[in-house]
Every structure is written in C-alpha cells, then in structure tokens.
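Residue numbers (numbering that gives the first Met the number 0): 0 to 208. Note that CB positions come from ideal geometry on N, CA and C, so glycine has one too. Have a look at the structure below before the remarks.
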Amino acid sequence: MPVQTEQEEQAEELTEEELEAEDERKAQRFGRYCLAAAVCMVLLGVDFVVAEQAGIGIGYLLPPYSLTLGCLTASCLLLMVTLFAVRKNTLAMLIMIISVWMGIFTWGICRVQEPESVVTQLPGMEKTMTFTLVSTPGSAAMRIDEPIIKGVLSRHWKIPVHAKNLPFHEQLSLVWNEAEQEVQLYFNDKLWAVYQAETEQWAAVVVDS
Numbered sequence: 000m001p002v003q004t005e006q007e008e009q010a011e012e013l014t015e016e017e018l019e020a021e022d023e024r025k026a027q028r029f030g031r032y033c034l035a036a037a038v039c040m041v042l043l044g045v046d047f048v049v050a051e052q053a054g055i056g057i058g059y060l061l062p063p064y065s066l067t068l069g070c071l072t073a074s075c076l077l078l079m080v081t082l083f084a085v086r087k088n089t090l091a092m093l094i095m096i097i098s099v100w101m102g103i104f105t106w107g108i109c110r111v112q113e114p115e116s117v118v119t120q121l122p123g124m125e126k127t128m129t130f131t132l133v134s135t136p137g138s139a140a141m142r143i144d145e146p147i148i149k150g151v152l153s154r155h156w157k158i159p160v161h162a163k164n165l166p167f168h169e170q171l172s173l174v175w176n177e178a179e180q181e182v183q184l185y186f187n188d189k190l191w192a193v194y195q196a197e198t199e200q201w202a203a204v205v206v207d208s
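Here it is in structure tokens:
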C-alpha cells in the first residue's frame with residue numbers, strides 16, 4: 000500500500016485550505032450581491048413614496064403603502080440572507096425576526112384598509128378616472144387616479160374626507176358646471192373638490208368639519 004510523503008500531505012492540506020478560501024470568497028461575493036439588492040429595495044420603496052407625493056400613482060389599485068412596505072420587508076429578508084452568507088448568524092436571526100414582524104405588519108396594514116373604488120367618466124368631459132375611498136379606524140381619504148397605464152401608472156390626487164358608514168358610490172357624486180368649466184365633486188352632499196378643465200387638476204374645496 001503506497002504511503003503518502005510529507006510533501007504530498009502538505010499539498011493536500013494546502014488544496015483543502017484553498018477550497019475553503021474559495022468557498023469563503025464565493026459566500027462573501029453572494030452576500031455583497033444580496034446587500035446591494037437590499038439597498039435597492041429600500042430605495043425603490045422610497046421612490047414609491049416620493050412618486051405619490053409628486054402626484055404619480057404606481058400600482059394605484061393596490062392598498063396604500065403596500066408596495067413600500069413590501070419593499071422594506073424584502074430588504075430585511077435580503078439583509079438576513081447577507082448575514083447568513085457571511086456567517087453572522089446571531090445578527091441574521093435577529094433580522095429574520097424583524098422580517099417576520101414586518102411581513103405581519105404589511106399584511107395587517109393591507110387588511111385594515113378597506114378601499115372602495117368607483118371607475119367613472121367625468122361629466123362633460125371624455126376622461127375616465129378611478130375614485131377610491133380608503134377608510135381606516137382613525138381616518139379616511141379619497142384617492143383620485145387618472146390612468147396613464149391602466150392598473151400600473153396614473154396621475155394621482157389625494158383628498159382627505161369625512162366618510163360615513165355607507166357604500167362609497169352613495170357618498171360620491173359628480174356634476175359638470177358649464178359656467179365655470181369644471182367638474183364639481185360632491186361627497187355626502189357637500190362640495191368637496193373641483194376639477195378644472197383648463198388646468199386638468201383637482202383642487203380640494205375648504206369645507207366645514
């Protein structure tokens with residue numbers, strides 16, 4: 000039976016060390032990719048918020064903030080994978096717990112909101128818009144979206160309202176005002192907002208509480 004020389008044993012040990020070092024480099028490279036993806040998901044979530052503030056609705060048929068919270072949850076999961084890849088297991092377990100709670104929080108936010116939508120053409124105009132009432136236990140808001148790409152992208156307005164326990168279509172009515180060349184939006188029989196044909200913008204009307 001052949002006996003390994005001391006040089007052969009050292010060469011074999013060196014090869015095993017090289018393999019371990021290569022595996023470590025691959026794990027670190029994979030971790031860097033996951034970390035970069037996690038940062039991108041955070042930036043994407045921020046972009047959704049900035050776009051809405053700028054009057055652009057992305058995924059406007061979804062419950063409010065669901066895309067942003069989904070991006071933050073995905074970012075936490077990617078960060079967890081990054082930490083496991085670089086063998087920071089204790090910290091990775093902590094991030095995993097945070098990710099689970101983020102997922103539950105996102106699900107809860109989507110569930111507690113009760114969006115009701117009405118798709119209708121504006122009277123006196125050839126524009127179709129989506130009106131959505133979003134009610135939560137503490138507040139209510141009306142979102143108005145003029146589709147650019149149906150279901151994906153829209154011009155977006157948000158108007159605070161005082162909702163009642165009635166179907167949304169019974170609280171909403173639209174009237175064309177020929178003299179002012181504007182569409183008047185009545186909510187619970189009160190003038191709540193107007194859409195001016197010239198500017199193509201919705202403007203909230205100050206009403207008493």
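Query: Span separating the alpha-carbon of Leu190 from that of Arg142; Result: 16 Å
Query: Backbone CA spacing between Ala203 and Ala73 [nearest angstrom]; Result: 36 Å
Query: Cα-Cα separation, Asp188 to Arg110; Result: 29 Å
Query: N- and C-terminal bounds of the beta strand (DSSP E) containing Glu211; Result: Any property of residue 211 remains undetermined from this structure, which presents the chain solely from 0 to 208.
Query: Unbroken alpha helix (DSSP H) run spanning Cys105, endpoints; Result: Looking at the sequence shown, residue 105 is not Cys but Thr. Start and end: Asn88 to Val111.
Query: Host beta strand (DSSP E) of Glu145 (start-end); Result: Ala139 to Ile148
Query: Member of Met79, Ser134 and Arg154 whose CA lies at the smallest distance from the CA of Glu35; Result: Note that residue 35 is Ala in the sequence shown, not Glu. Comparing Cα-Cα distances from Ala35 to each of Met79, Ser134 and Arg154, the minimum goes to Met79.
Query: Complete runs of the beta strand (DSSP E) confined to the stretch 8-64 [at least 3 residues]; Result: 55-57
Query: Helix, strand or coil at Ala203 according to DSSP, with G and I counted as helix; Result: strand
Query: Among Leu82, Thr105, Cys75 and Gln120, the one whose alpha carbon lies nearest that of Ser98; Result: Cys75
Query: Three CB pairs or more closer than 8 Å across the stretch 45-58 and the stretch 17-24; Result: no
Query: Contacts around Glu197, its chain only, beta-carbon distance under 8 Å, and the 5 residues preceding and following it disregarded; Result: Gln180
Query: Pick from Leu77, Val49 and Tyr59 that is closest to Val38, judged by C-alpha positions; Result: Leu77
Query: Of the residues Thr119, Thr81, Phe83 and Phe47, the one placed nearest Gly69, counting alpha carbons only; Result: Phe47
Query: Straight-line gap, Tyr185 to Leu90 (C-alpha atoms, nearest Å); Result: 53 Å
Query: Status (buried if at least 16 other CB within 10 Å, exposed otherwise) for Trp106; Result: exposed
Query: Exposure of Phe104, with buried meaning 16 or more beta-carbon neighbours within 10 Å; Result: exposed
Query: Cutoff 7 Å; reference Gly30; Cβ partners in own chain excluding five residues on either side; Result: Thr81, Ala84 and Val85
Query: Supposed close pair Gln140, Val151 - CB separation, criterion 8 Å; Result: Reading the sequence as shown, one finds Ala at residue 140 and not Gln. About 21 Å separates the two Cβ atoms, so there is no contact after all.
Query: Cβ separation of Trp175 and Pro122, assumed to be a contact under 8 Å, to the nearest whole Å; Result: 4 Å
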